[in-house]
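Protein chains in written order, with the working numbering: chain V, 4 to 564; chain U, 203 to 372.
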């Protein structure tokens with residue numbers, strides 16, 4: 004992975020001192036709360052329900068073992084010994100003291116970690132595919148350009164105070180795993196006539212107004228990505244709405260102008276900077292790309308006999324291999340997903356002890372590196388098949404080997420009303436209740452591939468719109484209710500789920516999910532996944548079952564009258 | 203009164219900004235003498251008059267004012283003041299960048315309004331060279347610490363037309 008040079012490192016150290024001084028001035032009354040708020044947000048610091056919530060960046064999801072050990076240490080020393088991985092490659096601490104944050108930043112800087120622009124109305128962390136560099140379906144490794152973009156976003160002088168937050172995702176595979184259709188800018192790497200470049204998507208987003216992004220440029224050679232993004236950002240910075248925070252994302256501007264008109268403004272802006280100094284040089288690309296070279300893989304020509312025997316003998320291991328490992332482009336290797344979704348624990352949560360176990364596993368079996376996925380799991384990207392049994396044994400002992408990747412209980416879930424000030428409703432107890440209801444592994448495997456995503460409010464941090472089953476916490480007369488959507492999905496055919504009907508109380512949710520699953524199991528053809536059956540039979544059979552015996556819609560109004 | 207920071211010092215401000223009182227219109231407002239910063243609407247309505255009686259002319263740009271509309275007139279201005287109604291309203295950064303980078307405005311470019319210590323670095327980078335720091339803030343401390351919190355910059359901007367990757371030694 005990318006190694007910071009003296010300049011990269013110095014900028015992070017500068018940032019620590021800048022923030023230390025900002026905290027000092029705020030404590031001394033030289034900065035008002037309003038003046039301090041955007042400054043702390045741009046260092047990942049929210050004031051939340053119980054304490055500040057502190058968000059540490061994991062740029063494009065890459066970590067090394069030393070960094071993870073430092074995160075373990077920070078979570079233990081300054082918090083309660085655990086952290087929470089988010090859907091955008093960040094680690095959140097829920098209980099730090101605000102006045103400790105400069106010291107936390109200083110400790111993180113020792114291993115090139117930071118919290119730069121992890122919140123606030125600015126350019127956020129760049130996100131990508133957790134299998135970048137090892138995926139069998141990869142066209143181009145997105146990480147060198149992700150790093151070049153990271154540097155460009157860092158302290159960009161013109162775009163530090165945008166109308167609203169701005170998120171960029173970049174994907175280099177056949178099948179999009181970076182939710183690029185639902186980002187402010189989504190970049191799809193591809194090769195056309197031997198030229199590497201991007202399809203540029205703008206104006207996507209989940210949140211309050213979920214909108215699938217639109218293609219603003221079908222193909223852009225890679226050298227122009229900074230100048231082109233700059234053109235998009237300048238149009239947005241100048242003309243994006245600032246009168247209403249709920250209408251301030253770029254998606255609203257793109258909708259208001261239409262993507263064609265928006266594209267014309269961008270192209271007119273870009274005409275001035277095209278081929279200018281921001282054009283990336285081959286030398287710079289090569290310099291950065293050299294950091295992402297393949298590790299020293301062994302040449303493995305035979306399948307390990309002990310590994311094969313263990314698969315045949317031990318069902319639990321075979322299951323874990325089936326669900327939690329991914330094909331690797333190098334023979335004899337696999338990418339391992341360590342599940343942060345054990346039943347009964349908040350999805351994405353990880354203790355300091357577990358972080359240390361993972362760091363050790365990475366050192367021993369995966370070249371000292373790991374990744375964080377937007378599904379809130381950890382990936383060891385380069386494990387020999389012969390080592391899988393030992394990785395499984397250690398991970399299992401640490402509670403990191405639940406074989407549920409892609410299954411119902413491996414849900415995406417935001418921190419929700421237990422921690423977050425924005426939330427209308429709790430999300431973690433819903434996740435936990437569903438996990439308890441579906442605690443039978445045989446049944447989970449029988450159900451097969453399905454995405455269940457839960458958000459505690461319409462800001463949609465849990466990506467509920469793109470879950471096959473989406474659950475959204477809503478507030479009804481000060482009580483917590485849950486709205487269910489079906490048919491959403493990520494990937495190349497990403498789309499938003501449809502609301503099934505009136506919302507449910509927390510107690511009803513496990514039953515509701517169970518009924519939905521039953522309709523699927525009763526109707527599915529062999530080899531159909533949940534989403535395929537849904538596409539074939541439509542929403543009505545699900546709706547009818549879920550609301551069976553319940554007066555709702557018109558009937559309910561009549562009843563009330 | 204804001205404190206005007208220029209060339210690393212707090213300096214006396216010789217300029218006054220014309221503001222329209224209730225009932226006054228750009229067409230009828232009395233034009234003061236001396237160094238005056240005029241709102242765009244007044245400049246548009248009274249351009250010939252202003253040019254004939256003022257040697258040194260200043261222009262005030264609000265966040266909604268489009269730089270493109272005034273580009274042809276830039277040679278008239280000794281000062282262009284860009285107004286930040288709130289420091290979190292970042293449109294003025296693009297205004298400044300366009301004035302300097304696209305229209306090659308050479309005169310004084312002044313940040314006015316909600317101008318604070320922690321934005322000076324960004325303002326300097328996009329091309330401002332004078333700063334009306336908000337009243338009550340420590341101007342000396344801001345001059346010492348606010349302009350260069352970072353020892354290097356990655357991106358190209360007005361103050362450094364080459365991004366860092368073009369300045370690396372081979």
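Virtual Cβ for every residue (Gly too), placed ideally from N, Cα, C. If you're wondering where the values come from, they're calculated on a predicted model, not measured in any experiment.
Quickly, what does DSSP pair residue i with across the bridge? List them, please.
i                      : result
residue 284 of chain U : U:263, U:313
residue 478 of chain V : V:483
residue 58 of chain V  : V:95
residue 386 of chain V : V:337
residue 352 of chain V : V:87
residue 301 of chain V : BP columns for residue 301 of chain V are empty, so no partner.
Does residue i come within less than 9 Å of chain V when only Cβ atoms are used?
i                      : result
residue 312 of chain U : no
residue 248 of chain U : no
residue 302 of chain U : no
residue 240 of chain U : no
residue 292 of chain U : yes
residue 352 of chain U : yes
residue 299 of chain U : yes
residue 371 of chain U : no
residue 209 of chain U : no
residue 271 of chain U : no
residue 258 of chain U : no
residue 295 of chain U : yes
When the distance is taken between beta carbons, is residue j closer than 9 Å to residue i?
i                      : j                      : result
residue 302 of chain U : residue 227 of chain U : no
residue 311 of chain U : residue 282 of chain U : yes
residue 410 of chain V : residue 382 of chain V : no
residue 524 of chain V : residue 68 of chain V  : no
residue 75 of chain V  : residue 358 of chain V : yes
residue 500 of chain V : residue 179 of chain V : no
residue 406 of chain V : residue 317 of chain V : no
residue 336 of chain V : residue 300 of chain V : yes
For residue i, return the contacting residues in chain U, with the cut-off set at a CB-CB distance below 7 Å.
i                      : result
residue 159 of chain V : 357
residue 21 of chain V  : 351
residue 43 of chain V  : Simply none; closest approach about 11 Å.
residue 287 of chain V : 367
Quick one: list the residues of chain V neighbouring residue i, beta-carbon separation under 8 Å, in chain order.
i                      : result
residue 341 of chain U : Residues of chain V passing the Cβ test: none, with the nearest at roughly 12 Å.
residue 263 of chain U : The premise fails here: residue 263 of chain U is roughly 12 Å from chain V at the closest Cβ pair, so nothing lies under 8 Å.
When you compare the CB of residue i with every CB in chain U, is at least one pair closer than 9 Å?
i                      : result
residue 10 of chain V  : yes
residue 199 of chain V : no
residue 151 of chain V : yes
residue 247 of chain V : no
residue 25 of chain V  : yes
residue 275 of chain V : yes
residue 290 of chain V : yes
residue 128 of chain V : no
residue 34 of chain V  : yes
residue 241 of chain V : yes
residue 121 of chain V : no
residue 229 of chain V : yes
residue 449 of chain V : no
residue 28 of chain V  : yes
Let me know the secondary structure DSSP gives residue i once reduced to three states.
i                      : result
residue 221 of chain V : strand
residue 496 of chain V : coil
residue 432 of chain V : helix
residue 508 of chain V : strand
residue 372 of chain V : strand
residue 561 of chain V : Bear in mind that a pLDDT of 48 at residue 561 of chain V, under 50, signals an unreliable position, so the number given afterwards is only what the model happens to contain. Residue state, collapsed to three classes: helix.
residue 333 of chain U : strand
residue 191 of chain V : strand
Quick one: list the residues of chain V neighbouring residue i, beta-carbon separation under 7 Å, in chain order.
i                      : result
residue 324 of chain U : 160, 163
residue 347 of chain U : 24
residue 215 of chain U : Near residue 215 of chain U there are no residues of chain V at all, since even the closest Cβ is about 23 Å away, more than 7 Å.
residue 320 of chain U : 25, 42
Determine the chain U residues that contact residue i at a beta-carbon separation under 8 Å, and present them in chain order.
i                      : result
residue 155 of chain V : 356, 357, 365
residue 281 of chain V : 357, 358, 365
residue 17 of chain V  : 351, 352, 353
residue 435 of chain V : In chain order: nothing, as chain U lies at least about 38 Å away.
Please compile the residues from chain U whose C-beta is within a distance smaller than 9 Å of the C-beta of residue i.
i                      : result
residue 14 of chain V  : 352, 353, 354, 355, 356
residue 124 of chain V : 290, 292
residue 237 of chain V : 296, 299, 300
Just the chain V side, please: which residues come within less than 9 Å of residue i by C-beta, in chain order?
i                      : result
residue 331 of chain U : What residue 331 of chain U touches in chain V: nothing, since even the nearest Cβ is about 14 Å away.
residue 328 of chain U : 160, 161
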